[in-house]
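Working notes for the structure below.
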Amino acid sequence: MSNFSRRRILFGGAAVGAGALLTACTSNEPENNTQINASNEEANPNAAPGEKVVIGFSAPAADHGWIAAITNNAKAQAGAYKDVELKSVEAGADAAAQRGSLATLISQKPTVIVILPHDGKELNSSALEATKAGIPVINLDREFPDALAYRLLIKGDNYGMGVAAGNYIAAQMKSKGVTAPIIGEIAGIDALPLTQDRSKGFKDALAANGFRVANRRAAEFTADSGQREAAGLLQALPKMDALWNHDDDQGIGVLAAITQANRKEFFMVGGAGSKAAIDAIVKDDSVLKATVTYSPSMASSAISLARLIGQNKGMSDLVELQVPKQITLASETITKENASQYAKLGF
Amino acid sequence: MTDTQVAKPAPAPDAPNNKSRESWFKGDAAEPMRRNLGLVGVLIILAIIGIITRPDLYGDATWVSNNVFTILQQASAIGVVTVGMTFVIIGGGIDLSVGAIVAIAGVWSTTLATQGYGAAGMIFTAIVVGVVVGLINGVLISYGKLVPFIATLAMMVAARGLAAQISGKQTQVSANDTINSIASTKILGIPMLVIILALVVAAGWVLLNRTTFGRRTVAIGGNPEAARLAGINVKFHTVLLYALSGLCCGIGAIMLTSQATSAQAAMANLYELDAIAAAIIGGTLLSGGRGTIVGALFGVLVFSTITNLFAINNLPTEVQNMVKGGIIVAAVLVQQFRYKSLTHLLGRTKS
Numbered sequence: 001m002s003n004f005s006r007r008r009i010l011f012g013g014a015a016v017g018a019g020a021l022l023t024a025c026t027s028n029e030p031e032n033n034t035q036i037n038a039s040n041e042e043a044n045p046n047a048a049p050g051e052k053v054v055i056g057f058s059a060p061a062a063d064h065g066w067i068a069a070i071t072n073n074a075k076a077q078a079g080a081y082k083d084v085e086l087k088s089v090e091a092g093a094d095a096a097a098q099r100g101s102l103a104t105l106i107s108q109k110p111t112v113i114v115i116l117p118h119d120g121k122e123l124n125s126s127a128l129e130a131t132k133a134g135i136p137v138i139n140l141d142r143e144f145p146d147a148l149a150y151r152l153l154i155k156g157d158n159y160g161m162g163v164a165a166g167n168y169i170a171a172q173m174k175s176k177g178v179t180a181p182i183i184g185e186i187a188g189i190d191a192l193p194l195t196q197d198r199s200k201g202f203k204d205a206l207a208a209n210g211f212r213v214a215n216r217r218a219a220e221f222t223a224d225s226g227q228r229e230a231a232g233l234l235q236a237l238p239k240m241d242a243l244w245n246h247d248d249d250q251g252i253g254v255l256a257a258i259t260q261a262n263r264k265e266f267f268m269v270g271g272a273g274s275k276a277a278i279d280a281i282v283k284d285d286s287v288l289k290a291t292v293t294y295s296p297s298m299a300s301s302a303i304s305l306a307r308l309i310g311q312n313k314g315m316s317d318l319v320e321l322q323v324p325k326q327i328t329l330a331s332e333t334i335t336k337e338n339a340s341q342y343a344k345l346g347f
Numbered sequence: 001m002t003d004t005q006v007a008k009p010a011p012a013p014d015a016p017n018n019k020s021r022e023s024w025f026k027g028d029a030a031e032p033m034r035r036n037l038g039l040v041g042v043l044i045i046l047a048i049i050g051i052i053t054r055p056d057l058y059g060d061a062t063w064v065s066n067n068v069f070t071i072l073q074q075a076s077a078i079g080v081v082t083v084g085m086t087f088v089i090i091g092g093g094i095d096l097s098v099g100a101i102v103a104i105a106g107v108w109s110t111t112l113a114t115q116g117y118g119a120a121g122m123i124f125t126a127i128v129v130g131v132v133v134g135l136i137n138g139v140l141i142s143y144g145k146l147v148p149f150i151a152t153l154a155m156m157v158a159a160r161g162l163a164a165q166i167s168g169k170q171t172q173v174s175a176n177d178t179i180n181s182i183a184s185t186k187i188l189g190i191p192m193l194v195i196i197l198a199l200v201v202a203a204g205w206v207l208l209n210r211t212t213f214g215r216r217t218v219a220i221g222g223n224p225e226a227a228r229l230a231g232i233n234v235k236f237h238t239v240l241l242y243a244l245s246g247l248c249c250g251i252g253a254i255m256l257t258s259q260a261t262s263a264q265a266a267m268a269n270l271y272e273l274d275a276i277a278a279a280i281i282g283g284t285l286l287s288g289g290r291g292t293i294v295g296a297l298f299g300v301l302v303f304s305t306i307t308n309l310f311a312i313n314n315l316p317t318e319v320q321n322m323v324k325g326g327i328i329v330a331a332v333l334v335q336q337f338r339y340k341s342l343t344h345l346l347g348r349t350k351s
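Quick note, the sequences are listed as chains A and B, same order. Each residue of the first sequence is one higher than the one before, counting from 1 in my numbering. Each residue of the second sequence is one higher than the one before, counting from 1 in my numbering.
Encoded structure:
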C-alpha cells in the first residue's frame with residue numbers, strides 16, 4: 001500500500017485545508033442599499049393601503065451594478081407597500097428568453113407589468129400583446145418604438161447626462177478663467193446608443209460654450225477597461241483641465257489610473273451616481289469633484305406608479321386624475337455642496 | 001534520448017541546414033530569431049509613427065520614458081497570461097478560459113472575507129483558484145477526453161458565471177493598500193508590474209528551453225503519439241500545462257486587480273483572444289510543437305504599443321481593432337509562406 005505514502009496524505013490534507021479556506025472566502029455580505037420611497041400615509045394620501053395590486057416585473061439578468069440596483073430597488077419598493085404583490089420573472093440572457101418569460105407573466109394576469117426590456121424593438125410585440133390582454137405596461141428606461149405598447153414610459157436621459165456634465169465643466173472653466181481648456185472624455189461601450197447619446201450631449205453642451213473634447217477614449221463599463229483607457233488618455237494629454245467619465249463603476253479604474261500616474265492638475269466628473277462616487281465627492285480627497293446622475297431609483301418610482309395605475313389613481317400633486325404617459329428623469333449634477341441630499345440615492 | 005531529439009525548438013526540418021553553418025541565419029533554427037527581429041522592427045516602426053504624429057510629446061524625454069513604462073504596464077497582466085497560453089498552445093492545446101480564470105481569481109480574492117486575510121491571503125487565494133481551475137481544465141481534457149476547445153469554452157462560460165455569482169454582479173473594490181500599491185510602486189525607477197512581467201517571462205523561458213518539462217511540452221505538441229511511445233506521460237503532462245496556464249492567470253488577476261483597485265466578473269474581457277493572438281504573432285504554431293516565449297512577449301508589446309499609439313492620436317477604438325485584426329492575418333500569412341517555401345525547398349533538394 002505504498003499509494004498511501006506520507007507525502008500523499010500531507011498533500012491531500014493541504015489541498016482539503018486550502019479548499020475549506022477558499023470556500024469560506026466566498027462569503028460576501030453584499031451591501032444592498034436600495035433607494036425607495038418609504039410610504040408616509042399622513043403626508044401622502046396616495047400611500048394609504050388600497051386595492052390589492054399584483055405587479056409583474058421583468059428585467060435582464062444583471063451584468064453590472066446598475067441593472068442589479070434596478071431589480072433590488074423594484075423588489076424593495078414593492079415590499080414597502082402592504083397592498084402590492086410583486087411577481088418577478090427572470091428575463092434570462094437575451095431578448096428571446098425575455099419574450100418567453102413575458103408570455104408566462106401575461107398568462108398569470110397581473111394587474112400591471114413593469115418591464116425593462118433587453119431591447120425595446122425586440123420586445124415591442126410582447127408588450128403590445130400584454131396591452132391587448134388588458135394589462136397596462138410600464139416601460140422602464142429602454143423605450144418601445146410603438147407608443148401603443150406601453151401605458152407609461154419612465155426613463156433616464158442619456159443626452160441630458162452629457163449636457164449636464166458639459167455644462168458643469170464649462171461653468172467651472174469659466175469661473176476659473178480658462179479660455180482654451182483641454183477636456184478629456186472616457187466613454188462607455190461605444191456600440192451602445194446610450195453611449196453615443198451621452199457623448200453627443202457632452203459635445204453639444206461644450207460647443208455651446210465654445211469648447212471641445214481634446215481626446216475621447218471608449219472603455220467597457222468595467223474598472224479594468226477604465227484603468228486601461230485612462231492610462232492611455234493621461235499619456236495623450238500631459239496637461240488636462242477637466243475629464244468626464246461616463247460611468248462611476250468604470251470610474252473606480254479611471255481614478256486608480258489617475259492615482260498611479262500621480263496626476264492632480266485637473267478635475268473629474270463622473271456619471272450615474274454610485275454610492276462610492278458620492279462618498280468620494282463628499283470626502284473631497286480625489287480629483288472627482290462631481291457626478292451626473294442616471295439613477296436606478298427609476299425602478300422604485302416605476303413600482304410606485306404601477307401601483308397608482310393599478311388602483312386607478314393619479315399623482316396627487318398633478319391636476320390630472322391619471323398618471324401621465326411619459327416621464328423622463330432629469331440628470332442631476334451632484335457636487336460637494338448638495339451631495340448629502342443625494343447620499344440616499346447612491347447605488 | 002527523446003530529449004535530445006526534441007532539444008531544438010524547431011525539430012525535424014532543420015537537419016540539412018546544420019551542415020552549412022554560414023547559412024545559419026537563413027536556416028530554420030534561426031526562424032524564431034528572425035521573427036523576433038521582425039517584431040522588433042514592427043515596434044520600431046510604430047515608435048516612428050508615434051514620433052511623426054506627435055512630435056510635441058516625443059520631444060520630452062521624461063514623457064517618453066513614462067510612455068514606455070505605461071506601455072509595459074498595460075502589457076503586464078496580459079503578458080503574464082500569454083506566457084501560460086504559449087505553453088498550452090506549444091503543447092498542442094488551447095485555453096479559451098484564461099479571461100474567465102482571471103475574473104474568477106480576481107473576484108474570489110477580493111471578496112470581503114478574503115480581504116479580511118490581508119494581502120497574503122488575497123494573493124494565495126488568486127493563485128490557488130487559478131491553479132485549481134486550470135487543473136480542472138486539464139483533467140477534463142486529459143482524462144475526460146474532451147477536446148480542449150470545448151472543455152475550456154465550457155470553463156469560460158462557467159467560471160464567469162461563478163464569478164458573477166460570488167460578486168453578486170457588483171464591482172468589488174480592493175481596500176488593501178499593499179495590493180493596490182503594486183501598480184504604483186517603482187523599484188529603482190522600474191514599475192513593479194514590469195518587474196513581475198520580466199520575472200514571469202524569464203521563468204517561462206527557462207522552463208521552456210532549459211528543462212525537461214519544456215522539452216516534453218514541445219514533444220507532446222509536435223506529436224503526442226510519438227511522445228507517448230517515447231515514455232512521456234502525455235496525460236499527466238497536459239494536466240500540468242493547463243495548471244500552469246491557470247497559475248499565470250492567478251498572477252495576472254492580482255496584477256489586474258491592483259491596477260484597477262477592484263475586481264468584477266466582467267474583468268479581463270476577451271483576454272483569451274488577445275493572448276492567443278499575441279502567441280500566434282510571436283511565432284507559436286496553433287497546431288503545437290513550436291513556439292517561443294520571447295516572441296509571445298513581443299506580440300503582447302506590439303498590441304499594447306498600438307493601443308497607446310491610437311490613444312495619443314485620439315483615434316477611435318474601431319479603427320484600432322481593424323488594425324489589430326490586420327496584423328494577426330499578416331503574421332499568420334508570413335508563417336504560412338515561410339512553411340510553404342521551406343517544404344518546397346526541402347522537396348527540391350531531396351529529388
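Ideal Cβ placement from N, Cα and C applies to all residues, glycine included.
Judged by their CB atoms, Ile141(B) and Gly99(B) are not nearer to each other than the 8 Å cut-off. For a Cβ distance threshold of 7 Å, residue set Thr259 and Gln260 of chain A lies close to Ser184(B), ordered along the chain. Annotated three-state conformation of Ala272(A) is strand, per DSSP.
The secondary-structure analysis by DSSP pairs Arg35(B) with nothing; it has no beta-bridge partner.
Only exposed fits Arg212(A), as fewer than 16 other CB atoms lie within 10 angstroms of its CB. Using a CB distance cut-off of 8 Å, Ala74(A) does not count as an interface residue toward chain B.
Under the 8 Å Cβ criterion, the region 127-137 of chain A does not count as touching the region 167-177 of chain A, having fewer than three qualifying pairs. Taking Asp247(A) as the centre and dropping the five residues before and after it, the same chain places the C-beta of Gly188, Phe221, Gly271 and Ala272 closer than 6 Å to its C-beta, in chain order.
Going by DSSP, Phe57(A) is part of the beta strand (DSSP E) stretching over Val53 to Ala59. Linking Val294(B) to Lys203(A) through their CA atoms gives a straight-line distance of about 44 Å.
Remark: C-beta atoms of Ala103(A) and Ala97(A) do not approach each other more closely than 8 Å. Under DSSP, Thr293(A) takes part in a beta bridge, and its partners are Ala272(A). Annotation: the region 152-176 of chain A contains the following complete segments of the beta strand (DSSP E) (minimum length 3 residues), in chain order: 152-155. Against chain A, the beta carbon of Leu37(B) has no neighbour under 7 Å; the closest one sits roughly 27 Å away.
Under the 8 Å criterion on CB atoms, Ile252(A) is classed as interfacial with respect to chain B. DSSP lists no bridge partner for Val282(A). At a cut-off of 8 Å, the C-beta of Ile166(B) has a neighbouring C-beta in chain A. Distance from Phe298(B) to Leu39(B) at the Cβ level is roughly 4 Å; contact confirmed, criterion being Cβ atoms closer than 8 Å. In this structure, Ala103(B) keeps its C-beta atom at 8 Å or more from the C-beta atom of Ala219(B). Burial check for Phe236(B): the Cβ neighbour count within 10 Å stays below 16, so the residue is exposed.
Under the three-state reduction of DSSP, Phe267(A) is assigned to strand. 8 Å or more divides the Cβ of Ala275(B) from the Cβ of Val157(B). Taken in chain order, the unbroken stretches of alpha helix (DSSP H) that lie wholly in the region 204-250 of chain B and span 4 residues or more are 212-222 and 224-229. Beta-carbon to beta-carbon, Ser58(A) and Ile115(A) are separated by about 5 Å, close enough to satisfy the 8 Å threshold. The residue among Trp63(B), Gly41(B), Ala113(B) and Asp95(B) with its C-alpha nearest the C-alpha of Val147(B) is Asp95(B).
Between Arg228(A) and the set Gly253(A), Gly162(A), Asn44(A) and Lys239(A), the nearest pair of CA atoms involves Gly253(A). Within the DSSP bridge table, the entry for Trp244(A) names Glu185(A) and Val269(A) as partners. Per the DSSP secondary-structure output, Pro191(B) pairs in a beta bridge with Lys186(B). Contact of Gln74(B) with chain A by beta-carbon distance below 7 Å involves Arg228 and Ala231.
For chain A, the residues of the region 310-326 of chain B that bring a beta carbon within less than 9 Å of one of its beta carbons are Phe310, Ala311, Ile312, Asn313, Asn314, Pro316, Thr317 and Glu318, in chain order.
Interface with chain A (8 Å Cβ-Cβ cutoff): Val128(B) is included. At a cut-off of 8 Å between beta carbons, Asn67(B) contacts chain A. Cβ contact annotation for Val89(A) (same chain, cutoff 6 Å, sequence separation greater than five): Ser58, Ser101 and Leu105, in chain order.
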